[in-house]
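Asks: Those sequence lines, one after another, are chains A and B.
Read in the numbering used here, the first sequence has 315 at position 315, and its numbers run on one by one without any break.
Read in the numbering used here, the second sequence has 311 at position 311, and its numbers run on one by one without any break.
Just so it is clear, CB atoms sit at the ideal spot from N, CA and C, and this is done for glycine as well.
Bear in mind that the values here come from a model prediction, so they are computed numbers and not experimental data.
Protein chains: 2
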Amino acid sequence: MRKFAAEKSKNLLAHRKILAVGVRQPTASLISSPSQSLSHHNLLPHSSLLLRFLSTAAANTSAPSESMASDYSSTPVKIDSINPKVLECEYAVRGEIVNLAQKLQEDLKVNPDTHPFDEIIYCNIGNPQSLGQQPITFFREVLALCDHPAILDKAETQGIFSADSIERAFQILDQIPGRATGAYSHSQGIKGLRDTICAGIEARDGFPADPNDIFLTDGASPAVFTKPYLSITVQTKFDITTFVFFFQVHMMMQLLIRSEDDGILCPIPQYPLYSASIALHGGSLVPYYLDEATGWGLEVSDVKKQLETARSKGINVRALVVINPGNPTGQVLAESNQQQIVDFCKNEGLVLLADEVYQENVYVPDKQFHSFKKVARSMGYGEKDISLVSFQSVSKGYYGECGKRGGYMEVTGFAPEIREQMYKLASVNLCSNISGQILASLVMNPPKVGDESYESYTAERDAILSSLARRAKTLEDALNSLEGVTCNRAEGAMYLFPRINLPNKAIEAAKAVKTAPDAFYARCLLNATGVVVVPGSGFGQVSGTWHFRCTILPQEDRIPAIVCRLTEFHKAFMDKYRD
Amino acid sequence: MRKFAAEKSKNLLAHRKILAVGVRQPTASLISSPSQSLSHHNLLPHSSLLLRFLSTAAANTSAPSESMASDYSSTPVKIDSINPKVLECEYAVRGEIVNLAQKLQEDLKVNPDTHPFDEIIYCNIGNPQSLGQQPITFFREVLALCDHPAILDKAETQGIFSADSIERAFQILDQIPGRATGAYSHSQGIKGLRDTICAGIEARDGFPADPNDIFLTDGASPAVFTKPYLSITVQTKFDITTFVFFFQVHMMMQLLIRSEDDGILCPIPQYPLYSASIALHGGSLVPYYLDEATGWGLEVSDVKKQLETARSKGINVRALVVINPGNPTGQVLAESNQQQIVDFCKNEGLVLLADEVYQENVYVPDKQFHSFKKVARSMGYGEKDISLVSFQSVSKGYYGECGKRGGYMEVTGFAPEIREQMYKLASVNLCSNISGQILASLVMNPPKVGDESYESYTAERDAILSSLARRAKTLEDALNSLEGVTCNRAEGAMYLFPRINLPNKAIEAAKAVKTAPDAFYARCLLNATGVVVVPGSGFGQVSGTWHFRCTILPQEDRIPAIVCRLTEFHKAFMDKYRD
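Right, here's the structure in full:
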């Protein structure tokens, strides 16, 4: 009875919302109306465990909406006179699961007893500091000093800032024309900061880097996409933070794609930034599948087959995207595999677009990050032999500065006249915000042996990375212990991408509510545990297989509780739907 | 002879560039190929003054381009295989004048004697700190402390930071969930910062403000515009910095415009952000002209005529844009005029889009800034009577923090179901970078009487504003003293928009090189003096009249030299072209 009352009130609420907001029923598999989000509980009525969750959830007392349109009858803008495209992308743009999570979070705020959990745990996006990760002290010292250079000369500053942060701030300010940290900079970013980034790349790779090859970029907002993009955003919003390096990708796609006859080879599963950007520019995505059975291996022979198939259809394939370490798949490529990829691109005349934003995030002793540039140079390929672009972002690594909005790309192997065009495209863009530029130079050139901050810096860095490695292993083991779940290692990046063998009954139940089976699973998981993950269907997966992506970012002391909740939920779910 | 040699080498250079870069000849009036930019000197061969300039310019030794495509023959991307749209927007996207300025600046770097001036003075964009304006100490103190909160508790901090900056940083950090300044925030921005902004609005207006009405936004990049936008960018790039509040405008246009049958009333001349955004969303710009003869007055009866004309053509006019203080025109609206505008919007059922980003920049004692919200509330119109949006940015005012990328809009008079749609659109966007959000809260709530920083803060602010007022007056007087030039007062904002009565011979000369006459004038000015201004044709102007926009931002000690150069140039130009 209690449950019935809850369902009723929820349905009423959902109904009212539909009337008021004029929600349209979207059709794509990832999209769901609020009524679907709110009333799906009744799909799971027989599990006692879930019933307990549901009866707790019955106290759901979402704050009633304000009084509606009638009071505003004398204002000119009515719900039926706004752009219908805006209405159409109703909520789904934020990702169904994230919307539900935020709804539940509001519930908990109003009444902490409304759900069988006391908080929402966001394992959906790579936003480390939102989950308690602390920023690196040295980086923040330098940013603070650059924000307020007036204190650089003061005696007290030496008492509370490290000597090398003061020195670095002086260096950086000297590199900014007029020391104007409040003004816009060169279109590629401040030259001195690009020099510093190159020093870091050289130290990493052992090969020279040229500041003219560096394009410092800002976070670019999907909000300025024109309407055609909205339908793409639907599938990508859940992971919007990594869009910090969107501009880099966008610029390359804009350069390379002339029509739908131009194709870009992309991994499946893939972080959907690439599919979105290719679609935005009207090109063709040429998929190649990563092999789950070999730890998300990249088989060059397979990529070649896809390339040939595309060519036979008249597609002019222009570039190959490789994400290393992988997102959402977490694998780290072996150097020999990278050599094959470099040769393949060289032989087939493809630009190699290397997403290397997780270069610091490697967790297993048997794997190491090698930049594609280092690999190519080690093979003897010089600047004029292979076209190679490397993407990097300050949002990832051990620093995770998502709020700072910085990143760069290193562009090599393009003729001067092409580079001129790239410079032009960079000029159309606003330069990156100055703090983001400074931070990019810091992550690529952190304190060195002998610097005052060196020990504390390495201690902070190593603590974060080793903790991430432990979290990855614990979650991986927990997932592999679940019935019907297999999970490859998170060798790197910030994610696990387990495969779930869903019983037919679960698939049927999902179909009945017009939801992808993995989205259905993710939604049930969220409702039962407060844990937010991203359904695999948002990344692409072999037809008939189902996955979800889960970050390893919650703080370490929370991991046991997450494992416990996940295990309990999965057992109940399987008990309910087992064939 | 020396001149001839120079011309020849320049033409060769330009020619080589065209061959190498594959420049296409654009057709729009503001667009010019490098060869036009470089070889236009020969249009002015008879002025001895200009000849002197030219002979100096003859030493122009632009660094030769690197060796060309042949070396890169084994790389896959060729100039004729990139997106032709990228080629088409050749340089023009940056504004012809700015491109030429950067070219000259490069020349000066290589050889300081190449031109009759030793530096380029950028009077084209509102980017104050690039010209030496110092940031406000209190704002930077708080930003630094929020970047590095670890020092907040230390004794030394009290020695080098003001007590109120420390207190404010504590307050702000307490408002950020988990004190995570490195994570993303609520889609509308951090709630506590919106509270602070509202307190500032209330203090300014004397009427309540609601934090739910505030949308904190980031700078949005024109670079993510899709291809159709490129042709628009051509005319707008010169002033890209103010695009920091583009997202706000974009969001409103996205909401209101359904098709080309929806129109937005915009002032002419206008800062072209509005025309660009309307075009981007496929709507119709309905122009109304500001009256130069009455100090760029806004005649409501005139606006009404335009509205009726548009309606008679089947255009559904949805909103009125008012820029106050004006850009590029610098006028400040009288309160009585604002009341007429409010009544007009109310009666005609229009949303009032108030660009109030220069609200701090008023320079004349007989004018004062009043927000449209204050005016409307003073008239007795409440929340449910009129739909009103106010745009604000941290890039302007006396603070001029262009590098920080922050701003907000205050949205009132929209029904809850419309507000839900706005929230959704804000959610598609990334939240603003956290420093930008913090700064927006600071500019709207600076130190108060009794705060430790109050005196130094007001001294810094007043010094900047009174200096800007003096600069505006000096430049205005200088312009008005020139033959054939009339210039209205810069009552506010950061610009003068003088009208130049160009002789027919000058207009003919401009036509001969397919350039708008005012662009021709601006180009000659730049070549002769190094002073960069923006041709009026980029803003729209009454047909047959010619203007340019000149900022008042160069530091005060530079103004006499600018006046001197400008006067000397103008005299020579008129001597040459006088009918």
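For the candidate residues B:421, B:327, B:348, B:292, whose alpha-carbon lies nearest to that of residue 318 of chain B?
Replies: Residue 318 of chain B sits at position 318 when you count from the first residue of the second sequence. Closest option to residue 318 of chain B, Cα to Cα, is B:348.
Asks: By Cβ distance below 6 Å, which residues in the same chain neighbour residue 581 of chain A in space, the five residues on each side in sequence not counted?
Replies: With chain A covering 1 to 579 only, the question about residue 581 of chain A has no answer from this structure.
Asks: Find out if the Cβ-Cβ distance for the pair residue 339 of chain B, residue 379 of chain B is shorter than 8 Å.
Replies: For the purposes of this step, residue 339 of chain B is taken as residue 339 along the second sequence, with counting starting at 1. For the purposes of this step, residue 379 of chain B is taken as residue 379 along the second sequence, with counting starting at 1. Inclusion of residue 339 of chain B and residue 379 of chain B in the CB contact set at 8 Å is warranted, their separation being smaller than that value.
Asks: Using the C-alpha atoms, what's the distance from residue 86 of chain A back to residue 31 of chain A?
Replies: For the purposes of this step, residue 31 of chain A is taken as residue 31 along the first sequence, with counting starting at 1. For the purposes of this step, residue 86 of chain A is taken as residue 86 along the first sequence, with counting starting at 1. For residue 31 of chain A, the predicted model reports a pLDDT of 24, less than 50, meaning its position is unreliable; a value from the coordinates is still stated below. So the alpha carbons of these two residues sit roughly 15 Å apart.
Asks: Going by alpha carbons, who is nearest to residue 391 of chain B out of B:401, B:460, B:409, B:127?
Replies: Against the second sequence, residue 391 of chain B aligns to sequence position 391. Looking at the Cα atoms, B:409 is the closest of the given residues.
Asks: Beta carbon of residue 96 of chain B, beta carbon of residue 159 of chain A: below 8 Å?
Replies: In the second sequence, residue 96 of chain B corresponds to position 96, counting from 1. In the first sequence, residue 159 of chain A corresponds to position 159, counting from 1. No, the pair does not count as a contact, with Cβ atoms beyond the cut-off.
Asks: If we count the other Cβ atoms within 10 Å of its Cβ and call it buried at 16 or more, is residue 71 of chain B buried or exposed?
Replies: As a first step, residue 71 of chain B must be located in the second sequence, where it is residue number 71. Exposed.
Asks: Please list the partners that residue 462 of chain B has in chain A, where partner means a Cβ-to-Cβ separation under 9 Å.
Replies: In the second sequence, the residue the question calls residue 462 of chain B occupies position 462. Within 9 Å Cβ-Cβ: nothing; residue 462 of chain B doesn't reach chain A, min ~19 Å.
Asks: Under 8 Å between C-beta atoms, does residue 340 of chain B make it to chain A?
Replies: In the second sequence, counting from the first residue as 1, residue 340 of chain B sits at position 340. So no, residue 340 of chain B is outside the interface.
Asks: Excluding the five sequence neighbours on either side, which residues of its own chain have a C-beta within less than 7 Å of the C-beta of residue 569 of chain B, listed in chain order?
Replies: Reading the second sequence from its first residue, position 569 is the one you call residue 569 of chain B. Closer than 7 Å at Cβ, skipping near neighbours: 525, 528, 529.
Asks: Can you tell which of B:281, B:275, B:306, B:280 has the C-alpha that lies nearest to the C-alpha of residue 288 of chain B?
Replies: Here the question's residue 288 of chain B lines up with position 288 in the second sequence. Ranking B:281, B:275, B:306, B:280 by Cα distance to residue 288 of chain B puts B:306 first.
Asks: Consider the Cβ of residue 572 of chain A: report whether some Cβ of chain B lies at a distance smaller than 8 Å.
Replies: On the first sequence, position 572 is the one that residue 572 of chain A refers to. Put simply, the CB of residue 572 of chain A is far from chain B, with every gap to its CB atoms at 8 Å or more.
Asks: Residue range of the beta strand (DSSP E) that residue 550 of chain A falls in?
Replies: The residue you call residue 550 of chain A lines up with position 550 of the first sequence. In this chain, the beta strand (DSSP E) harbouring residue 550 of chain A covers 548-551.
Asks: Counting C-beta neighbours from all protein chains within 10 Å, is the total for residue 511 of chain B 16 or more, i.e. buried, or is it exposed?
Replies: In the second sequence, counting from the first residue as 1, residue 511 of chain B sits at position 511. By the neighbour-count rule (16 or more Cβ atoms within 10 Å), residue 511 of chain B is not buried but exposed.
Asks: Would you say residue 109 of chain B lies against chain A (beta-carbon separation less than 8 Å)?
Replies: As a working mapping, residue 109 of chain B is identified with position 109 in the second sequence. No - not a single Cβ of chain A is within 8 Å of the one on residue 109 of chain B.
Asks: Residue 149 of chain B by DSSP, collapsed to three states: which one?
Replies: Position 149 of the second sequence, counting from 1, holds the residue named residue 149 of chain B. Helix.
Asks: If you draw a straight line from the C-alpha of residue 330 of chain B to the C-alpha of residue 505 of chain B, how long is it?
Replies: In the second sequence, counting from the first residue as 1, residue 330 of chain B sits at position 330. In the second sequence, counting from the first residue as 1, residue 505 of chain B sits at position 505. Distance between the alpha carbons of residue 330 of chain B and residue 505 of chain B: 30 Å.
Asks: For the alpha helix (DSSP H) containing residue 524 of chain A, name the first residue and the last one.
Replies: Along the first sequence, one-based indexing puts residue 524 of chain A at 524. Here the alpha helix (DSSP H) through residue 524 of chain A covers 517-529.
Asks: What's the call for residue 219 of chain B, buried or exposed, on a 16-neighbour Cβ count within 10 Å?
Replies: Along the second sequence, one-based indexing puts residue 219 of chain B at 219. The predicted position of residue 219 of chain B is uncertain, since its pLDDT is 44 and thus under 50; a value taken from the coordinates is nonetheless stated next. Per the 10 Å Cβ criterion, buried.
Asks: Okay, do the region 549-560 of chain B and the region 111-130 of chain B touch, 3+ Cβ pairs below 8 Å being the bar?
Replies: A contact between stretches requires three or more CB pairs, one per stretch, nearer than 8 Å, and the region 549-560 of chain B meets this requirement with the region 111-130 of chain B.
Asks: Residues in the region 399-426 of chain B with C-beta within 7 Å of chain A's C-beta atoms, listed in sequence order?
Replies: Those residues of the region 399-426 of chain B that come within reach of chain A (Cβ to Cβ, closer than 7 Å) are 400, 401, 402, 403, 404, 405, 413, 414, 415, 416, 417, 418, 420, 421, 424, 425.
Asks: Can you check whether the CB of residue 252 of chain A is closer than 8 Å to the CB of residue 353 of chain A?
Replies: For the purposes of this step, residue 353 of chain A is taken as the residue at position 353 of the first sequence. For the purposes of this step, residue 252 of chain A is taken as the residue at position 252 of the first sequence. Taking 8 Å as the Cβ cut-off, residue 353 of chain A and residue 252 of chain A qualify as a contacting pair.
Asks: Report the CB separation of residue 368 of chain B from residue 216 of chain B in whole angstroms; it is logged as a contact under 8 Å.
Replies: To locate residue 368 of chain B, count along the second sequence from 1; it is residue 368. To locate residue 216 of chain B, count along the second sequence from 1; it is residue 216. In fact, because the Cβ distance is near 27 Å, the residues do not count as touching under 8 Å.
Asks: Under the rule that 16 or more other beta-carbon atoms within 10 Å means buried, what is residue 577 of chain A, buried or exposed?
Replies: Working through the first sequence from its first residue, we reach residue 577 of chain A at position 577. With 16 or more Cβ atoms within 10 Å of its Cβ, residue 577 of chain A is classed as buried.
Asks: Measuring only the C-alpha atoms, how far is residue 518 of chain A from residue 537 of chain A?
Replies: Along the first sequence, one-based indexing puts residue 518 of chain A at 518. Along the first sequence, one-based indexing puts residue 537 of chain A at 537. If you take the alpha carbons of residue 518 of chain A and residue 537 of chain A, they lie about 7 Å apart.
Asks: Any contact between the region 445-459 of chain A and the region 284-300 of chain A? By contact I mean 3 or more CB pairs, one from each, below 8 Å.
Replies: no
Asks: For a cutoff of 8 Å on Cβ pairs, would you count residue 375 of chain A as touching chain B?
Replies: As a working note, residue 375 of chain A is residue 375 in the first sequence. No, because no Cβ of chain B sits closer than 8 Å to the Cβ of residue 375 of chain A.
Asks: For a contact defined as C-beta to C-beta under 7 Å, what are the partners of residue 435 of chain A on chain B?
Replies: Along the first sequence, one-based indexing puts residue 435 of chain A at 435. The contacting residues are 435.
Asks: At least one CB of chain A closer than 8 Å to the CB of residue 140 of chain B: is that the case?
Replies: Taking the first residue of the second sequence as 1, we reach residue 140 of chain B at position 140. At least one chain A Cβ lies under 8 Å of residue 140 of chain B.
Asks: Counting only C-beta atoms, is residue 76 of chain B closer than 8 Å to chain A at any point?
Replies: In the second sequence, the residue the question calls residue 76 of chain B occupies position 76. Output row for residue 76 of chain B: interface = yes.
Asks: If the cut is a Cβ gap below 7 Å, which residues of chain A does residue 258 of chain B touch?
Replies: By one-based count along the second sequence, residue 258 of chain B stands at place 258. 83, 84, listed in chain order.
Asks: Looking at C-alpha atoms only, which residue of A:501, A:213, A:372, A:563 is the closest neighbour of residue 484 of chain A?
Replies: Numbered from 1 along the first sequence, position 484 holds the residue referred to as residue 484 of chain A. Nearest of A:501, A:213, A:372, A:563 to residue 484 of chain A, Cα basis: A:501.
Asks: For residue 523 of chain B, which option in B:573, B:262, B:563, B:152 has the closest C-alpha, if you only look at C-alpha atoms?
Replies: One-based indexing of the second sequence puts residue 523 of chain B at position 523. Residue B:573 is the option with its Cα nearest to residue 523 of chain B.
Asks: Going straight from the alpha carbon of residue 239 of chain A to that of residue 416 of chain B, what length do you get?
Replies: Start at 1 with the first residue of the first sequence, and residue 239 of chain A comes out as number 239. Start at 1 with the first residue of the second sequence, and residue 416 of chain B comes out as number 416. Summary for residue 239 of chain A: the model assigns pLDDT 34, below 50, so the residue's position carries little reliability, and this model does not support an answer.
Asks: Tell me whether residue 365 of chain B is buried or exposed, calling it buried when 16 or more other Cβ atoms sit within 10 Å of its Cβ.
Replies: Position 365 of the second sequence, counted from the start, is the residue given in the question as residue 365 of chain B. Exposed, by the Cβ-count rule.
Asks: To the nearest angstrom, how far is the alpha carbon of residue 141 of chain B from that of residue 521 of chain B?
Replies: Residue numbering aside, residue 141 of chain B sits at position 141 when the second sequence is read from its first letter. Residue numbering aside, residue 521 of chain B sits at position 521 when the second sequence is read from its first letter. Their backbone Cα atoms lie some 44 Å apart in a straight line.
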